[in-house]
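In what follows, a single structure is set out as structure tokens and then discussed.
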Amino acid sequence: MKLRKYALAVSLAAMGLSFTLTAPVHAQAKGKQAQEQFFPVLVYRTGAYAPNGTPWANGFVDYIKLVNAKGGINGVTATFEECETGYATDRSVECYERLKNKGGGATAFQSLSTGATFALTEKAPVDKIPLITAGYGRSESANGAVFTWNFPLLGTYWVGADVLIQHLAKKEGGFDKLKGKKIALVYHDSPYGKEPIALLQERAKMHGFDLSLLPVAHPGVEQKATWLQVRQNRPDYVLLWGWGVMNSTALREAQATGYPREKMYGIWWAGAEPDVKDVGEAAKGYNALTLQHGVELNAKVTKDVLALVHGKGQGTGPKDEVGSVLYMRGLISAMLGIEGVKQAQERYGKGKTMTGEQVRWGLENLDLTQQKLDGLGFAGVMRPVSTSCLDHMGSSWVRVHTWNGSKWEFSSDWYQADEKIIRPMVMHASLKYAEEKKITPRTPEQCKQ
Amino acid sequence: MIYRENGQFKTSYAADQQIFPILQDRWAILGILVFAFVAVPLLADEYLFRAILIPFLILSLAALGVNLLVGYCGQITLGAGAFMAVGAYAAYNFFVRVDDMPLLAALLLGGATSAAVGVVFGVPSLRVRGLYLAVATLAAQFFWDWAFLRIKWFTNDSSSGSVSVSNLSAFGWDLESPTDVYLFCLLILVVFALLAKNMTRGAIGRQWMAIRDMDVAAEVIGIRPMYAKLSAFAVSSFFLGVAGGLWGFVHLGAWEPAAFSLDRSFQLLFMVIIGGLGSIMGSFFGAAFIVILPIFLNQMLPWLGDLVGVSISTAGVSHAEIMIFGALIVFFLIVEPHGIARLWSTAKEKLRLWPFPH
Amino acid sequence: MARQIGEVILDLQNVSLSFGGVNALIDISFDVREHEVRAIIGPNGAGKSSMLNVINGVYRPQAGEIILRGEHFRQMNPYKAASAGIARTFQNIALFKGMSVLDNIMTGRSLKMKANIFQQAFRTGVAKREELEHRAKVEEIIDFLEIQHIRKTPVGRLPYGLQKRVDLARALAMEPQILLLDEPMAGMNIEEKQDMSRFILDVNDQMGTTIVLIEHDMGVVMDISDRVVVLDYGKKIGDGSPDEVRGNPEVISAYLGASH
Amino acid sequence: MGFFLEVLIGGLMTGMLYSLVALGFVLIFKASGVFNFAQGAMVLFAALAMARFSEWIPGWLGIANPVVANILAFIIAAFIMFLVAWLIERLVLRHLVNQEGATLLMATLGIAYFIDGLGQTVFGSDIYKIDVGMPKEPVMVLQDVFAGGLLINKEDFIAALVAALLVAALALFFQKTSTGRALRAVADDHQAAQSIGIPLNRIWVIVWTVAGIVALVAGIIWGSKMGVQFSLVTVALRALPVVILGGLTSVPGAIIGGLIIGVGEKMSEVYLGPLVGGGIEIWFAYMLALVFLLFRPQGLFGEKIIDRV
């Protein structure tokens, strides 16, 4: 017993020491050489959402490796450090604080979590670090006049919801045909899942369809009651707004209650391999949006990664994952950050390390033309994106893809969100935010500075 | 100086009833306060403040609240996170709905709301005990998780259900820099710790402990279990509510109910059990242990890996982190089931007798 | 002797108590006079502790009445009993293990402490003064029971005899009019028993407290009590002065038939 | 009417699975007085072991037959659960005898963390498959009785059947075997059991192993339903109201409680949920249990607590 007490005392002392040690450990990375551009990577490779977080993180990191293999960002080496958040907001904040000053200052943060995005939105302006939330985050942050540091590039949840309704209208043969239709939204009961509701309600008012909301509690493993309700109401379509295990469970429950998977449409976070591969044949016919890209096994960038990263044994994850949906999402997210830096270098000096503020300018003036995208190896993967000081989203190109039982296949043409609907909503919500926060929105003149 | 109370004779009961009757303790506390208020702001960097010290202070406050209920009054709760959430959302509503509401007032009103809710959810404790009560408190946890997601009024009709605050200031003091936020939290914590200490060494504290140790006997000597238990729930929830408000307002800035999930409740219970049930000091030890250890492991493991030339993947680090964390908790409970505070007092007793052990 | 035995202060009439079909007390009536020492005796399982539990409301009898200073109660509850000036000690020592001797005794003052929770939290003048006044009172009891040396010790660390004394001290801190003692001398050696007897008599004598006592040691009972009730299997089989009870044939047979 | 029955049946079948997890809690609490919060982690760990070994075995041994692979994997997983039980007894329980309930509860939470980490380290943190050949497509029955018929999910039905069989087998084990009787003796009184020569430590290992195997079966059922991944640990949280409703020490309580909670939960979500925006089933289950507790603090079949002074 006595020995134990000593062991305890020693471990306690170690605890105390740890407190002092934590500082030096994290200080070590400080003061690196210039000509390095540091990318913090918030990931979740563990916990309930790991199956989805992992491929995203692998794609993100692989792209940084690819850039370096190709000579860096105009000669500047891209460095990175991962920090595990477990999809928890407080750990994300800790990671943010840990990484924001590392490696000469963080370039931009990408949290891959709506909850963390909300928290970091309050912190990023203070630290002057851009926050890229490609395909997630808060929809109203597309208004760059208010959300100076947020970049919901490529699309927000309102875009997703809008396109889904457009697609359904097209299926039915026109918006007027939606009248009287029943559409159910099965959503993750969190800010993430609730984001589209505002837009769907707006659209329901416009077209006279009947929207029913069916929340599913985190993490979404128990959905029997939800699907019993679906069975009772027999909606014409089910929109699925899930993440992680919730998606595959929804598909299984749909099967168990006999709801046709062809009538189910997921957001782009509910349309990747982990959501369907385990359900297999039973998910056949299920549709989901794609945030521009889908599965891109034949894209040049995919081949580049295989050759220059995996080929040299530098691959982050398994080889067969390269090109899959979430992997590509991570890869594109990283690319957007890198391109922001590149754009900033155009103005502030090529081959130099950019500060957060400079990167923000770069992200605000992104102009990824088709030609540039082709050069980067993204031909066929995505369409041109260009941002401005007032528009932090850039573009809203979306397609639908369908699971054929063994792989995803595109099943629609390109869509764009209806600006007439989205813009007023973005303005309304962002100005309300500005009022609460006593932010004066930037004017176009201020943008020119 | 040698830690000894010999020769320090008390000539009045008043002197004997000071918070810290022993002279050396008074010096030590003074020293700690000076260190916390003066030295830390000079020494710590932003990371230490924002990622470690501020969460530590706020969670210490919450742990203090849990300890009053669990450690002093003996009512196990697994719903502490819910009361933090109630405090945070109530404070938010007072803050945004009432014009010119001062921050501190909003936080205290949040605490008061949480106290009222705590009393309601404390009612089952009059009938149900022990583990049954613990599980029953989960009802509060899940109910409030749901309520803040579903009832739009609580979130000021925000479309996503997430809320945020900024431009905080108290008494004309802008809470911008990490040092300011740290000092603000520290100040609140010190005041609340003092209040907690006063209550626990006063009549109400004795009533709580009496209920904890032997409720039938307590009733027989004229302590009303209802008053004692519900007051413990109220005070505990008040502390938790203020802590929740701080967590939302100054630590996260923007939050959703998941910030106060069941994991938070478990975390707080861990703090008081590892730190020491029925010990104010223990709440701080526990909070330090639980806040710092995972972060430390998370940063230490890759560093250790580098030393021996192994690079550990992020996933590997986090898995190792939770394994070590879990194992250490079990280890601590086995070696010292009464928590770090007991170890501390044993050490003090040894010191008191040193260098003559008998 | 200064004390004067007075009127009936506590009167139990036809009390019956059962637990799930098992009868613990059957139609019991007896009274207690002010300032007297009243003993309840009987073999194990006779229902003695249940009797005390009925008086101070821990158990609720199914039938009968409790008349306290002329006021009729169907049942008591512990808080009502405590407010009415009834204190008790416990057979198996029900001290608050996690607290010091001083704090244990201070809890006995709970009913008399009036500062509210805010005054206590901020330790305002009222709360501070009150704490000091009651501390002084408690110190008197500590002196009276000669436990000064252990006042800061956690009760869990005390030997059995001292714990019993602390239990008594806590009850005395309530300044009760009626003190119920449940086997105050069980498990003590001769010397400790003598001390305890002295304390009980002193309490009765100096403070005028009425005492209801359960005790196994017949010698002690006969020495210190004024009147004795005898219970057996939940029934009353004798009542009267020690001498009367001693001569009661039913009592003798109960005791001979029992383990004694 | 048809729909009402579907909800009822759905609730009963979910409830049966809750019973199975609740049974794990009850077994351990009965024998060792530990409220085992690691039950969820054990479900995940067992399911991970099962899924991974059934995936690996064909490669290692060259056995193509999935039935054989599954059986082997089941045996290995059961053995692993025995090892877990043995280690928990050795390293934890044995050192924590006579500690308070709250301390033990926290220790099991510590164990849960450890097992979570270990499971993911050894077996990975992706989604894995358990394929024991459960039918997935629903069937319609009684079409001529109700309009639209009655939709029955065969998978749930089989799962409920397996759960019921397991519960029956355990009941037999407790009633008829000498080990079972010893277990009950331990549950009634630790010291008495020890004094008549029942080795407490061995009993604990047995009980934890049995609870581990119960967790394994629960893990297989849930895992085959929705894939084996981390979220399985939350299944235990859904089963907690069952335990307090049924009483911590009662096997029949776990079963009846599971059915009540399962039905109450689904009914509330389907019929009350739409009125308040949905998503109420979790807290409704807890509230149901709580309200129930107010009338019967010891649970449905728990032993009544009498204060003795």
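Quick note, the sequences are listed as chains F, A, U and E, same order. In terms of this note's numbering, the first sequence opens at residue 17 and continues consecutively. In terms of this note's numbering, the second sequence opens at residue 17 and continues consecutively. In terms of this note's numbering, the third sequence opens at residue 4 and continues consecutively. In terms of this note's numbering, the fourth sequence opens at residue 31 and continues consecutively. Every residue, glycine too, gets a C-beta built ideally from N, C-alpha and C.
Same chain, Cβ closer than 7 Å to A94 of chain F, neighbours up to 5 away in sequence not counted: For A94 of chain F, where only same-chain residues beyond five positions count, the Cβ hits under 7 Å are Q53, F55, I80, V83, N84, G88, I354.
Cβ distance (whole Å) where F75 of chain E is taken to contact A64 of chain F below 8 Å: With a Cβ gap of about 15 Å, F75 of chain E and A64 of chain F do not count as contacting.
Under the three-state DSSP convention, the category W189 of chain A falls into: strand
Range of the contiguous beta strand (DSSP E) that encloses P231 of chain F: Element bounds for P231 of chain F: 226 to 232.
Residue span of the alpha helix (DSSP H) that contains Y203 of chain F, given as start and end: Element bounds for Y203 of chain F: not the alpha helix (DSSP H) but the beta strand (DSSP E), 198 to 204.
Sequence-distant residues of the same chain with beta carbon closer than 7 Å to L181 of chain E, five excluded per side: E36, P168, M170
Under 8 Å from the C-beta of H335 of chain A: neighbouring residues of chain D: Structure shown: chain D not included; protein chains present are F, A, U and E.
Ranges of the alpha helix (DSSP H) found wholly within the segment 105 to 131 of chain F, counting only runs of at least 4: You should have 105 to 115.
Any beta strand (DSSP E) of 3 or more consecutive residues that is wholly inside the segment 99 to 140 of chain A: none
Segment limits, beta strand (DSSP E) that includes L216 of chain U: 213 to 217
Chain-order list of residues whose beta-carbon lies under 7 Å from that of V293 of chain E (same chain, five-residue window excluded): L38, G41, L42, G45
D294 of chain F classed as buried or exposed, judged by whether at least 16 other C-beta atoms fall within 10 angstroms: buried
First through last residue of the beta strand (DSSP E) which encompasses Y253 of chain F: 253 to 257
W189 of chain A, buried or exposed, once every other Cβ within 10 Å from all chains shown has been counted against 16: exposed
In chain order, each alpha helix (DSSP H) run of at least 4 residues that lies wholly inside the segment 134 to 186 of chain U: 163 to 176
9 Å Cβ cut-off: residues of chain E touching F187 of chain A: Residues of chain E passing the Cβ test: none, with the nearest at roughly 39 Å.
Cβ-Cβ separation, A67 of chain A to E110 of chain F (assumed contact under 8 Å), whole Å: Yes, they are in contact, since the Cβ atoms of E110 of chain F and A67 of chain A sit about 5 Å apart, within 8 Å.
Short-range partners of chain F found in the segment 264 to 292 of chain A, where Cβ spacing is below 9 Å: Going along the segment 264 to 292 of chain A in chain order, one finds H267, L268, G269, A270, W271, E272, P273, A274, A275, S277, D279, R280 with a Cβ nearer than 9 Å to chain F.
Selected residue, minimal CA-CA separation from A288 of chain F, among F:W72, F:Q126, F:P460, F:T242: F:W72
Neighbour flag for R82 of chain E against chain F, beta carbons, 7 Å: no
Proximal chain A residues relative to L13 of chain U, where beta-carbon distance stays under 7 Å: Here the premise fails: no neighbours, minimum Cβ distance about 16 Å.
Interface flag, Y29 of chain A vs chain U, CB-CB below 7 Å: yes
Residue-level contact to chain F via CB, S361 of chain A, 7 Å cutoff: With 7 Å as the cut-off, S361 of chain A does not count as an interface residue toward chain F.
For S402 of chain F and I438 of chain F, the rounded distance between their alpha carbons: 18 Å
Contact set between the segment 27 to 39 of chain U and chain A, restricted to residues whose Cβ is under 7 Å from the partner: none
Cβ-based neighbour list, S53 of chain U, same chain, cut-off 7 Å, excluding 5 preceding and 5 following: When the five nearest sequence neighbours on each side are left out, the beta carbons in the same chain lying within less than 7 Å of the beta carbon of S53 of chain U are those of L20, A27, L28, Y62, in order along the chain.
Within 7 Å of chain F by C-beta, residues of the segment 320 to 332 of chain A in sequence order: T330, A331
G50 of chain U beta carbon less than 7 Å from that of G237 of chain U: In terms of Cβ geometry, G237 of chain U and G50 of chain U form a close pair [threshold 7 Å].
Min CB distance A122 of chain A to chain E below 7 Å: False, the Cβ-Cβ gap to chain E never drops below 7 Å.
Near-chain A residues of the segment 138 to 164 of chain E - C-beta to any C-beta below 8 Å: L139, G140, I141, A142, Y143, F144, I145, D146, G147, L148, Q150, T151, S155
DSSP-derived helix/strand/coil call for S19 of chain U: strand
Contact set between F158 of chain A and chain E, taken where Cβ atoms lie within less than 8 Å: Neighbours of F158 of chain A on chain E, chain order: I312, W313, Y316.
Distance between V127 of chain E and L147 of chain A (C-alpha atoms, nearest Å): 17 Å
Beta-carbon separation (whole angstroms), F134 of chain F vs A270 of chain A, contact threshold 8 Å: 4 Å
Where the beta strand (DSSP E) through Y281 of chain F begins and ends: Y281 of chain F -> beta strand (DSSP E) spans 280 to 282.
C-beta contact flag for V35 of chain U and V233 of chain U at 7 Å: no
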